[in-house]
Structure formats: structure tokens, C-alpha cells
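Peer 1:
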Amino acid sequence: MSLSTLSTRFQGRQTQFHIELLYGALFVVGFGYLVFRVDARVAAFEGGLVVGYLLRIWEKMSIYERLIEEAVSREAETQVEAEVQEQVGEQVGKEVEETVDERVEETVDERVEETVDERVEETVDERVEDRVGEEVEEKVDERVEAQMGEQVGKQVDERVEEKVGEQVEERVAEKVEERVEEVEERVDEVEERVGDDE
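In this text, residue positions in the sequence shown follow our numbering: the first is 78, and each later residue adds one.
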């Protein structure tokens with residue numbers, strides 16, 4: 078509080094004290110006068126003092142009541158604001174978790190598809206070249222054993238690696254079988270031509 082506010086409050090309390098003192102002095106003097114001499118005017122004046130004092134007390138009570146209501150209202154606003162902040166914080170936390178989970182899933186799926194496609198192409202090309210070379214030179218006695226090339230780049234994360242492993246094996250097996258069948262057909266054609274030429 079500033080000095081001017083304190084001095085204003087002090088002056089206000091001082092003024093109230095002087096008014097109370099004046100009421101008390103007039104009441105005592107009037108009552109003392111009525112004890113020795115009964116006068117209707119003085120009795121009416123005393124009655125007016127009593128009514129005025131009661132009205133003053135009523136005014137004070139209404140002022141105090143208004144101050145209490147304001148204090149209660151401020152406290153209620155503070156509590157409501159605190160509860161709102163708490164609920165907003167909790168709800169924001171939940172929504173952030175949900176959004177993060179959704180975005181992680183989307184990103185993981187995208188990266189899995191990209192990585193699977195890249196690795197499938199590389200692995201299929203490597204395996205087909207190996208098989209074609211072996212079949213042309215040795216006329217294929219056994220099928221190509223599955224080999225996984227070295228991992229492309231760094232590991233994306235554990236979830237990506239699990240999905241990539243499963244999908245790569247399935248796609249690689251399908252594409253290798255398709256290319257092997259094509260190569261076997263070509264080898265058979267080459268053998269037939271070689272046999273016909275001899």
C-alpha cells in the first residue's frame with residue numbers, strides 16, 4: 078500500500094472516531110439533562126441521536142457486508158482460475174499425447190514403407206544377379222539362400238525395424254521367385270537352342 082492510501086485510511090478512521098465521540102458526548106449530556114429536568118424537546122433530540130446512531134451502525138454493517146462480498150468474490154475468482162488452469166493443463170497434456178501418438182504412427186508407417194521399398198529393390202537386384210550368375214554358369218542345382226544385405230543407413234527406431242523385417246522378407250521372396258522363374262525359363266530356352274545347334 079502506498080503512503081497516501083494509508084494516510085487516507087487513517088484519516089477516515091480518525092473521522093469515524095470523532096463522530097462516535099460526538100454521538101457519545103451528546104447522548105451523555107442529553108441524558109444527564111433529562112435526569113434533572115424532563116423536557117420533551119431534549120427527549121426528542123435524544124431519540125433522534127439514538128435513531129441516527131442506529132442508522133450509522135446499519136450503514137457500517139452494509140459497508141462491511143459489501144467488503145466481505147468483494148473479498149469472497151475475489152477468492153472465488155482465484156479458485157476458479159486455479160481450477161481452470163489445472164483442468165486446461167491436464168486436457169492439453171492428454172491432447173498432446175494423443176497427437177504425438179498419431180504423428181508417430183504416421184511417421185513410422187511412412188518410413189517403414191520407404192525403407193521396405195528401398196531394401197526390397199536392393200535385395201532383389203542383388204539376389205537376382207547372384208542367382209542368374211550361378212544358373213548360367215552351374216545350371217542351378219539349388220535355390221538361392223536368403224541373404225539380407227547390410228542395413229540401409231541408421232536404424233530408424235525399434236518399431237520401424239520390426240515392421241521392415243517382416244515386410245522385406247515377404248516381398249523379397251515373391252520378387253525373387255518371380256525373377257528366378259523368368260531366369261529358369263531363359264536358361265531352358267538357351268539350353269534348347271544349344272542342344273538344337275549341336
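Cβ coordinates follow ideal geometry from the N, Cα and C atoms, glycine included.
Using the Cα positions of Thr176 and Val193, report the straight-line distance between them to the nearest angstrom.
Peer 2: For Thr176 and Val193, the distance between alpha carbons rounds to 25 Å.
Peer 1: Across the region 136-149 and the region 120-127, are there enough close Cβ pairs to call them in contact, namely three or more that are closer than 8 Å?
Peer 2: Contact between the region 136-149 and the region 120-127 is absent, because fewer than three Cβ pairs lie under 8 Å.
Peer 1: Since I believe Arg248 is in contact with Val197 (beta carbons under 8 Å), could you give me their beta-carbon distance rounded to a whole number of angstroms?
Peer 2: Sure, about 4 Å apart at Cβ, within 8 Å.
Peer 1: Does DSSP put Glu222 in a helix, in a strand, or in coil?
Peer 2: Residue placement at Glu222 is poorly supported in this model, since its pLDDT is 44, which falls under 50; the coordinates still yield a value, given next. Coil, per DSSP.
Peer 1: Taking buried to mean at least 16 other C-beta atoms within 10 Å of its own C-beta, is Val253 buried or exposed?
Peer 2: Buried.
Peer 1: To the nearest angstrom, report how far apart Glu243 and Glu195 are at their CA atoms.
Peer 2: Distance between the alpha carbons of Glu243 and Glu195 is about 14 Å.
Peer 1: Give the straight-line distance between the Cα atoms of Gln162 and Val185, rounded to the nearest whole angstrom.
Peer 2: Spanning the two alpha carbons is a distance of roughly 34 Å.
Peer 1: How big is the Cα-Cα spacing for Asp265 and Asp207?
Peer 2: The straight-line gap from Cα to Cα measures roughly 18 Å.
Peer 1: Measure the alpha-carbon distance for Leu132 versus Gln93 and round it to whole angstroms.
Peer 2: Rounded to the nearest angstrom, the two C-alpha atoms are 14 Å apart.
Peer 1: Rounded to whole angstroms, how far is the Cβ of Leu103 from the Cβ of Leu126, which I believe are closer than 8 Å?
Peer 2: So it is a contact: roughly 6 Å between Cβ atoms.
Peer 1: What whole-angstrom Cβ distance do Tyr110 and Tyr130 have, given they're in contact under 8 Å?
Peer 2: Contact doesn't hold; Cβ gap of about 18 Å is too wide.
Peer 1: I want to see whether chain B comes within less than 8 Å of Leu103, judged by CB atoms only; does it?
Peer 2: Looking at the structure shown, chain B is missing, and only one protein chain is on hand.
Peer 1: Candidates Glu246, Ala153, Glu179: which alpha carbon is nearest Glu199's?
Peer 2: Closest by alpha carbon: Glu246.
Peer 1: On the criterion of 16 or more Cβ atoms from any shown chain inside 10 Å, does Gly107 qualify as buried, or is it exposed?
Peer 2: Gly107 should be labelled buried.
Peer 1: So what does DSSP say about Arg114, is it helix, strand or coil?
Peer 2: Coil at Arg114, not helix or strand.
Peer 1: Nearest to Val257 by alpha carbon, out of Arg270, Arg204, Val267?
Peer 2: Selected option, being the one with the closest Cα: Arg204.
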